[in-house]
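Those protein sequence lines, which keep their order, are chains A and B. In terms of the working numbering, the first sequence opens at residue 141 and continues consecutively. In terms of the working numbering, the second sequence opens at residue 8 and continues consecutively.
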Amino acid sequence: MATDTAPPPAPAKKADERVREVGRLSKVLTRPELGAVAGVFLVYSFFAIMAYENNFISWLTTAAILNRAAPLGILAAAVSLLIIGGEFDLSIGSLVGFAGMSIMVLVFPSDAGGFGWSLWPAIFVALLIAIASGAFNGMLVVTTKLPSFIITLATLFIFRGLTIALTRLRTNRTQLGNLDEVGGFSLADTLFASEIHLFGAKFRVSILWWIGLTVLATWVLLRTRPGNWIFGSGGDANAARNQGVPVNRTKVALFITTACAAWLVAVVQVVQFTGADTLRGTLQEFYAIIAVVIGGTLLTGGYGSAIGAFFGALIFAMVQQGIIITGVDGDWFRVFVGVVLVVAVVFNQYVRQKAAQR
Amino acid sequence: MSDNGTPLLEIQNVSKYFGSVIALQDVSAFVRAGEVTCLLGDNGAGKSTLIKVLAGVHTPTSGHYYFEGEEQHFESPRDALDMGIATVFQDLSMIPLMAVWRNFFLGAEPTKGWGPLKRFDVDFAKQTALEELHKMGIEIRDPDQTVGTLSGGERQSVAIARAVYFGAKVLILDEPTAALGVKQAGVVLKYILQARNRGIGVIFITHNPHHAYPVGDHFVILRRGQVYGDFTKAELPLEQLVQMMAGGADLEVLQHELEQAARGGGEEADALAGVAENIGDELEELGD
Numbered sequence: 141m142a143t144d145t146a147p148p149p150a151p152a153k154k155a156d157e158r159v160r161e162v163g164r165l166s167k168v169l170t171r172p173e174l175g176a177v178a179g180v181f182l183v184y185s186f187f188a189i190m191a192y193e194n195n196f197i198s199w200l201t202t203a204a205i206l207n208r209a210a211p212l213g214i215l216a217a218a219v220s221l222l223i224i225g226g227e228f229d230l231s232i233g234s235l236v237g238f239a240g241m242s243i244m245v246l247v248f249p250s251d252a253g254g255f256g257w258s259l260w261p262a263i264f265v266a267l268l269i270a271i272a273s274g275a276f277n278g279m280l281v282v283t284t285k286l287p288s289f290i291i292t293l294a295t296l297f298i299f300r301g302l303t304i305a306l307t308r309l310r311t312n313r314t315q316l317g318n319l320d321e322v323g324g325f326s327l328a329d330t331l332f333a334s335e336i337h338l339f340g341a342k343f344r345v346s347i348l349w350w351i352g353l354t355v356l357a358t359w360v361l362l363r364t365r366p367g368n369w370i371f372g373s374g375g376d377a378n379a380a381r382n383q384g385v386p387v388n389r390t391k392v393a394l395f396i397t398t399a400c401a402a403w404l405v406a407v408v409q410v411v412q413f414t415g416a417d418t419l420r421g422t423l424q425e426f427y428a429i430i431a432v433v434i435g436g437t438l439l440t441g442g443y444g445s446a447i448g449a450f451f452g453a454l455i456f457a458m459v460q461q462g463i464i465i466t467g468v469d470g471d472w473f474r475v476f477v478g479v480v481l482v483v484a485v486v487f488n489q490y491v492r493q494k495a496a497q498r
Numbered sequence: 008m009s010d011n012g013t014p015l016l017e018i019q020n021v022s023k024y025f026g027s028v029i030a031l032q033d034v035s036a037f038v039r040a041g042e043v044t045c046l047l048g049d050n051g052a053g054k055s056t057l058i059k060v061l062a063g064v065h066t067p068t069s070g071h072y073y074f075e076g077e078e079q080h081f082e083s084p085r086d087a088l089d090m091g092i093a094t095v096f097q098d099l100s101m102i103p104l105m106a107v108w109r110n111f112f113l114g115a116e117p118t119k120g121w122g123p124l125k126r127f128d129v130d131f132a133k134q135t136a137l138e139e140l141h142k143m144g145i146e147i148r149d150p151d152q153t154v155g156t157l158s159g160g161e162r163q164s165v166a167i168a169r170a171v172y173f174g175a176k177v178l179i180l181d182e183p184t185a186a187l188g189v190k191q192a193g194v195v196l197k198y199i200l201q202a203r204n205r206g207i208g209v210i211f212i213t214h215n216p217h218h219a220y221p222v223g224d225h226f227v228i229l230r231r232g233q234v235y236g237d238f239t240k241a242e243l244p245l246e247q248l249v250q251m252m253a254g255g256a257d258l259e260v261l262q263h264e265l266e267q268a269a270r271g272g273g274e275e276a277d278a279l280a281g282v283a284e285n286i287g288d289e290l291e292e293l294g295d
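If you want it as structure tokens, here you go:
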């Protein structure tokens, strides 16, 4: 063992300089939401120019964008935590439909196949159903150790199928309405669907829910023990487990969280539209994942932010509203979304590599 | 065996089977406080399984596990950790994407406040992580630096510092020097001695006798899932340890085979001849 490896040149001062430089640079570059913030400016500027004639820069348009972004953002806040925790949930779109339809069937007049409940007990029971569904997803993932992609792909169909089948079985319909005639509606309307008049535009109260949940998710992620467990579980479940992190419990809790977010969106939409449709929420799971990924969260887990998901949802809604307002055929919307997604992911990856190289 | 002090941790006749595979058969070993027990063995000797039994990841199929004189049945690594048995797994104890301070306190985060406002005491965590690493001689400017940017030796050192900070009575180290350069391995060995001097019982798993010998008080050699030998340092000179580890006879066979392969000719053969020669040299060294 006489091989004379040259001792690594490590004079303390030189090392200091290097580390310090890295610190400043990477601190900005490694913020997961950087790409999304840049994206917000980019997309806004794009439509501000393209749709200048159509008053893109106006309170009316701003309100329309935020109103669109809110339900998606509520889902994305929860989904960002789940993806950072290393799992997927493809079933939340179906759960939006499931929870919404549960509420409607429970409050629907009993002579028309419903249960004739008043609104609040129905909302509460729908929450229990959502929690049970999330727990079911989580337990299935944790016990089978199968990829959550597969498990929740299955429950996507199961929950949607149950929504359609059970609703038809009881009421023989696929759409239920007239929620505003049900007891307890006015309070629910104030809480979930009222409009705030500002600057001559109408902002929906769900925007506040969206902001509040983003703040809450960020706080949990960055400033609580479960937040550290989420990063650990997603970063390396084995290592986290070896350190005594309750990985399975964390993951099940995350699935319940996304299910609860789906429930909240369902409540908001049911109250807003005073009814539900068995197909409501279709594709929302993908939109939420897109918002989260645009927000800089690593699809493989262990890295990301809820604030990024906030901006991701905002970008998504800006593209949607921008296309409508520009007068471009709405058929092109998905093409735009796909392009934005690819650009965002490439940009995020580029930024992360830059940061990793120091 | 000489009896100076009762063992802190002891396993007796531990066996572990995976279906028809016998991973461990009647393995016994112990460590006392303030001593280093080295578990040596080549690939496939059963080291990994033994670590997992010691760490509480695997429950042994049969045999006894004593800690501080009392028999234990661990259900999870958390149980073992709560008793003060900390295991530093090779490559498996740090999460590269997470900041140093988050890693340091992962699974045992300090909190402040109560009720729904109970939160991770971030300032305390950052400061403590920096201080504890400083005590171990690791200088990190920015606790927000991710572990992925640390070198292999630094990662091991952070893991050891973490275990020591959390009041480990027994520290189980899984090949902490395996992937390291000469200098970094030396640094890690230094931390092992520091931990020992603080009264911690250290179980040091390695396949490198040159790393084990300078720090070990006590050597258990595993081969094919069984204890091949159990020695104190006084009973065992380094040369003998090396020889037992490698299995002198096996090496001779290997040298012979390599030389035969080398006669095939070509570049590959030249390289093989070089390897065979090296093994020959090592054997000679052992003979001296």
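Built from N, CA and C at the ideal position, the CB exists for glycine as well.
* H218 (chain B): first and last residue of the uninterrupted alpha helix (DSSP H) it sits in -> By 1-based counting over the second sequence, the position of residue 218 (chain B) is 211. Per DSSP, H218 (chain B) belongs to the alpha helix (DSSP H) from P216 to V222.
* Report the three-state DSSP secondary structure of D376 (chain A) (helix, strand or coil). => On the first sequence, residue 376 (chain A) is found 236 positions in, with the first residue counted as 1. Three-state result, D376 (chain A): coil.
* **Contacts that A380 (chain A) makes with chain B (C-beta to C-beta distance below 8 angstroms)** => For the purposes of this step, residue 380 (chain A) is taken as the residue at position 240 of the first sequence. Residues of chain B passing the Cβ test: I102, L113 and G114.
* Would F211 (chain B) count as contacting chain A if we go by Cβ distances under 8 angstroms? -> Translated into positions along the second sequence, residue 211 (chain B) becomes position 204. No - not a single Cβ of chain A is within 8 angstroms of the one on F211 (chain B).
* Separation of A449 (chain A) from N207 (chain A), as counted between CA atoms -> Reading the first sequence from its first residue, position 67 is the one you call residue 207 (chain A). Reading the first sequence from its first residue, position 309 is the one you call residue 449 (chain A). N207 (chain A) and A449 (chain A): Cα-Cα distance of roughly 16 angstroms.
* To do: Identify the contact partners of T94 (chain B) in chain A, using a Cβ-Cβ distance below 8 angstroms as the criterion.
  => What you label residue 94 (chain B) is simply residue 87 of the second sequence in a count that begins at 1. Ordered by position in chain A, the residues that pass the 8 angstroms Cβ test against T94 (chain B) are N382.
* 8 angstroms Cβ cutoff met for L200 (chain B) and T184 (chain B) -> Along the second sequence, one-based indexing puts residue 200 (chain B) at 193. Along the second sequence, one-based indexing puts residue 184 (chain B) at 177. It is not a contact, given that the beta carbons lie outside the stated cut-off.
* If we cut at 8 angstroms on Cβ distances, does R109 (chain B) have a partner in chain C? -> Within the model displayed, chain C is absent; protein chains A and B are what it includes.
* Where E42 (chain B) falls: helix, strand or coil (DSSP) -> For this step, residue 42 (chain B) is matched to residue 35 along the second sequence. Here E42 (chain B) sits in coil by DSSP.
* Asked: What residues in its chain sit with their C-beta under 6 angstroms from that of G374 (chain A), if we drop five residues either side in the sequence?
  -> Looking up residue 374 (chain A) in the first sequence gives position 234. The answer, listed in chain order, is I224, G225, G226, G441 and G442.
* **Neighbourhood of V34 (chain B) by C-beta, 6 angstroms cutoff - its chain only, sequence neighbours within 5 removed** => Indexing the second sequence from 1 puts residue 34 (chain B) at position 27. Exclusion of the five residues before and after V34 (chain B) leaves V21 and V234 as the residues of its chain whose Cβ lies within less than 6 angstroms of its Cβ.
* Between V486 (chain A) and the rest of its own chain, which residues show a CB-CB distance below 8 angstroms, the 5 nearest in sequence each way excluded? -> Numbered from 1 along the first sequence, position 346 holds the residue referred to as residue 486 (chain A). Cβ neighbours of V486 (chain A) beyond the five flanking positions: none.
* To do: Can you tell me which of B:F37, B:G53 and B:I58 puts its alpha carbon nearest to the alpha carbon of F74 (chain B)?
  => Numbered from its first residue, the second sequence carries residue 74 (chain B) at position 67. Relative to F74 (chain B), the option among B:F37, B:G53 and B:I58 whose CA is nearest is B:F37.
* Could you list the residues in the segment 270 to 282 of chain A with a C-beta less than 8 angstroms from some C-beta on chain B, going in chain order? => If the cut-off is 8 angstroms between Cβ atoms, the segment 270 to 282 of chain A has nothing near chain B.
* Run the CB neighbour count on G478 (chain A), radius 10 Å, all protein chains shown included, and call it buried at 16 or more, exposed below. => Here the question's residue 478 (chain A) lines up with position 338 in the first sequence. Per the 10 Å Cβ criterion, exposed.
* Asked: I18 (chain B): which of B:A40, B:A30 and B:G70 sits nearest, CA to CA?
  -> On the second sequence, position 11 is the one that residue 18 (chain B) refers to. Among B:A40, B:A30 and B:G70, the Cα nearest to that of I18 (chain B) belongs to B:G70.
* Buried or exposed: where does G174 (chain B) fall if 16 or more other Cβ atoms within 10 Å of its Cβ makes it buried? -> Position 167 of the second sequence holds residue 174 (chain B). G174 (chain B) should be labelled exposed.
* To do: Report yes or no: is there a C-beta of chain B within less than 8 angstroms of the C-beta of T364 (chain A)?
  => Against the first sequence, residue 364 (chain A) aligns to sequence position 224. It does; some Cβ of chain B falls within 8 angstroms.
* Run through the segment 310 to 380 of chain A for me and flag every whole alpha helix (DSSP H) of 4 or more residues, listed as ranges in chain order. => Whole alpha helix (DSSP H) segments, 4+ residues: 325 to 328, 346 to 363 and 365 to 375.
* Asked: DSSP three-state call for Q191 (chain B): helix, strand or coil?
  -> Residue mapping note: residue 191 (chain B) aligns to position 184 of the second sequence, counting from 1. In the structure shown, Q191 (chain B) sits in a helix (DSSP, three-state: H, G or I).
* Nearest candidate by alpha-carbon position, reference T364 (chain A), set A:L246, A:T284, A:N277 and A:T390 -> Indexing the first sequence from 1 puts residue 364 (chain A) at position 224. The residue with the shortest Cα to Cα distance from T364 (chain A) is A:T390.
* Paired residues, beta bridge with Q233 (chain B) - DSSP -> By 1-based counting over the second sequence, the position of residue 233 (chain B) is 226. Paired residues: B:R230.
* Look up I205 (chain A) in the DSSP assignment and say whether it is helix, strand or coil. => Along the first sequence, one-based indexing puts residue 205 (chain A) at 65. In the structure shown, I205 (chain A) sits in a helix (DSSP, three-state: H, G or I).
* **Burial state of R162 (chain B) (16 or more Cβ within 10 Å)** => Position 155 of the second sequence, counted from the first residue, corresponds to residue 162 (chain B). In this structure R162 (chain B) is buried. Its beta-carbon is surrounded by 16 or more other beta-carbon atoms within 10 angstroms.
* By how many angstroms is the C-alpha of L200 (chain A) removed from the C-alpha of G340 (chain A)? -> Translated into positions along the first sequence, residue 340 (chain A) becomes position 200. Translated into positions along the first sequence, residue 200 (chain A) becomes position 60. Straight-line Cα distance between these residues: approximately 7 angstroms.
* Asked: Any C-beta of chain B sitting closer than 8 angstroms to the C-beta of N368 (chain A)?
  -> Locating residue 368 (chain A) in the first sequence gives position 228, where the first residue counts as 1. At least one CB atom of chain B sits nearer than 8 angstroms to the CB of N368 (chain A).
* Would you decide whether F343 (chain A) is buried or exposed? Buried here means 16 or more other CB atoms lie within 10 Å of its CB. => Within the first sequence, residue 343 (chain A) is the residue found at index 203, counting from 1. A buried status is given to F343 (chain A), since no fewer than 16 other beta-carbon atoms sit within 10 Å of its beta-carbon.
* Tell me, please, which residues DSSP counts as bridged to D417 (chain A). => Taking the first sequence and counting its residues from 1, one reaches residue 417 (chain A) at position 277. Looking at the DSSP assignment, D417 (chain A) forms a beta bridge with A:Q315.
* Asked: Would a check of beta-carbon distances place F127 (chain B) closer than 8 angstroms to chain A?
  -> Position 120 of the second sequence holds residue 127 (chain B). In terms of beta-carbon proximity, F127 (chain B) lines the interface with chain A, with at least one pair separated by less than 8 angstroms.
* My understanding is that G324 (chain A) touches S258 (chain A), with C-beta atoms under 8 angstroms, so please give their C-beta distance in whole angstroms. => On the first sequence, residue 324 (chain A) is found 184 positions in, with the first residue counted as 1. On the first sequence, residue 258 (chain A) is found 118 positions in, with the first residue counted as 1. Correct: roughly 5 angstroms between the Cβ atoms.
* **Where the alpha helix (DSSP H) containing G160 (chain B) begins and where it ends** => Residue 160 (chain B) sits at position 153 when you count from the first residue of the second sequence. Element bounds for G160 (chain B): G159 to Y172.
* **Secondary structure of T225 (chain B), DSSP reduced to three states** => If you number the second sequence from 1, residue 225 (chain B) lands on position 218. A small correction: the amino acid at residue 225 (chain B) is His; Thr does not occupy that position in the sequence shown. Per DSSP, reduced to three states, the secondary structure at H225 (chain B) is strand.
* In terms of DSSP beta bridges, what is G208 (chain B) paired with? -> Walking along the second sequence from the start, residue 208 (chain B) turns up at place 201. In DSSP, G208 (chain B) forms a bridge with B:V177.
* Asked: Which one or two residues does DSSP pair with R126 (chain B) in a beta bridge?
  -> Within the second sequence, the letter at position 119 stands for residue 126 (chain B). In the DSSP assignment, R126 (chain B) is bridged to B:K119.
* Asked: For I396 (chain A) versus G237 (chain A), is the C-beta distance shorter than 8 angstroms?
  -> Residue mapping note: residue 396 (chain A) aligns to position 256 of the first sequence, counting from 1. Residue mapping note: residue 237 (chain A) aligns to position 97 of the first sequence, counting from 1. Their beta carbons are not under 8 angstroms apart, which means I396 (chain A) does not touch G237 (chain A) by this criterion.
* Asked: Taking the runs of the alpha helix (DSSP H) that are 4 residues or longer, which of them lie wholly in the segment 407 to 479 of chain A?
  -> Segments of the alpha helix (DSSP H) lying fully in the segment 407 to 479 of chain A: 424 to 434 and 446 to 466.
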